[in-house]
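The structure appears below as C-alpha cells.
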Amino acid sequence: MERIHILWEQIVQKDDKEAFAELYNLFIDDLYRYGSKLSPDEGMVKDSIQEVFLDLYDKRKKSNITRNLRLYLIVALKRVLIRKLQKYRRLEKRDINDVDMFEVQYSFEEQYMEEEASTLVLEKVKKIITDLPAKQKEIIYLRFNLSLEYAEISLMLGISVESVRKQVYRAIKSVRESIDYPDLLLLLFLSYHTNGSPHTA
Numbered sequence: 546m547e548r549i550h551i552l553w554e555q556i557v558q559k560d561d562k563e564a565f566a567e568l569y570n571l572f573i574d575d576l577y578r579y580g581s582k583l584s585p586d587e588g589m590v591k592d593s594i595q596e597v598f599l600d601l602y603d604k605r606k607k608s609n610i611t612r613n614l615r616l617y618l619i620v621a622l623k624r625v626l627i628r629k630l631q632k633y634r635r636l637e638k639r640d641i642n643d644v645d646m647f648e649v650q651y652s653f654e655e656q657y658m659e660e661e662a663s664t665l666v667l668e669k670v671k672k673i674i675t676d677l678p679a680k681q682k683e684i685i686y687l688r689f690n691l692s693l694e695y696a697e698i699s700l701m702l703g704i705s706v707e708s709v710r711k712q713v714y715r716a717i718k719s720v721r722e723s724i725d726y727p728d729l730l731l732l733l734f735l736s737y738h739t740n741g742s743p744h745t746a
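Using this note's numbering, read the sequence shown as starting at 546 and increasing by one per residue.
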C-alpha cells in the first residue's frame with residue numbers, strides 16, 4: 546500500500562508516466578479478473594480497463610482518491626462495464642448495484658482433496674457456488690479473491706457492513722451444510738487462482 550501512495554505522489558506531482566505504468570501493472574490482473582466476471586467479452590473488459598486508467602490519469606490532479614485507489618478502480622471499472630452492457634445488451638438503466646449479472650465459475654485443484662472423494666466434493670462445491678445469488682457471489686469474490694474489507698465492499702455496493710457480513714456468513718453456511726469436508730472451506734474461500742482457479746487471497 547505504501548508503494549501505491551509513493552507512485553501516486555510521483556504521478557500527481559511529476560506527471561511520472563513510468564510510475565503510472567507501474568501502478569497499472571499492480572492493478573491490471575485483479576481488474577481483469579473482476580471485469581471478466583461481469584462480462585465474458587474480453588475485448589470489452591480490456592477496453593474498459595484502459596478507459597478507467599485514462600480517466601484516472603486525466604483526473605490525477607483533481608481527485609482525492611489516494612485513500613483507497615484499488616477500491617476506486619474496481620468501482621470505476623464496474624460503472625464503465627455496466628454502462629457498456631446497458632448500451633450493447635439494452636439492459637435496464639437501473640442503479641449500478643441492482644444489476645444482477647455477476648457470474649463466477651470456480652475450478653479446484655484435485656490435489657487438495659482426498660483422491661477417493663475429490664470428484665463428489667468438487668461437483669457439490671461447484672453446484673453450491675453456481676446456485677448462489679449473483680450479489681452473494683460478487684460479495685464472496687470481492688472479499689476472498691480481491692481481499693476487500695467488509696467496509697470497502699459496503700461502500701462499493703451501497704449496502705451496510707452488517708449486510709455484507711451476513712451474505713458472507715450465508716454463503717459459508719451453505720457450503721458447510723452441504724459437504725462433509727470442513728477443511729474444504731479454507732480451500733474454497735482462500736485458495737482461488739486467476740479465472741477461478743485457486744490462489745492465495
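From the three backbone atoms N, C-alpha and C, an ideal C-beta is built for every residue, glycine too.
When rounded, the separation of the alpha-carbon atoms in D574 and E722 is 33 Å.
Judged by DSSP secondary structure, R715 falls within the alpha helix (DSSP H) whose first and last residues are 706 to 723. Per DSSP, S584 is not a residue of any alpha helix (DSSP H), being assigned neither H nor E.
K682 and G580 have their C-alpha atoms spaced approximately 14 Å apart.
Taking one beta carbon from each stretch, the region 613 to 627 and the region 578 to 594 have 3 or more pairs nearer than 8 Å; the two touch. Taken through DSSP and simplified to helix, strand or coil, E683 comes out as helix. For L700, the uninterrupted alpha helix (DSSP H) run begins and ends at 695 to 702, by DSSP. With a beta-carbon spacing of about 6 Å, S719 and I673 fall inside the 8 Å limit used to define contacts. Following the DSSP letters along the chain, one finds R548 inside the alpha helix (DSSP H) bounded by residues 547 to 559. Just measuring C-alpha positions, the residue of K559, Y714, S692 sitting nearest K606 is K559. Taking E697 as the centre and dropping the five residues before and after it, the same chain places the C-beta of L616 closer than 6 Å to its C-beta, in chain order.
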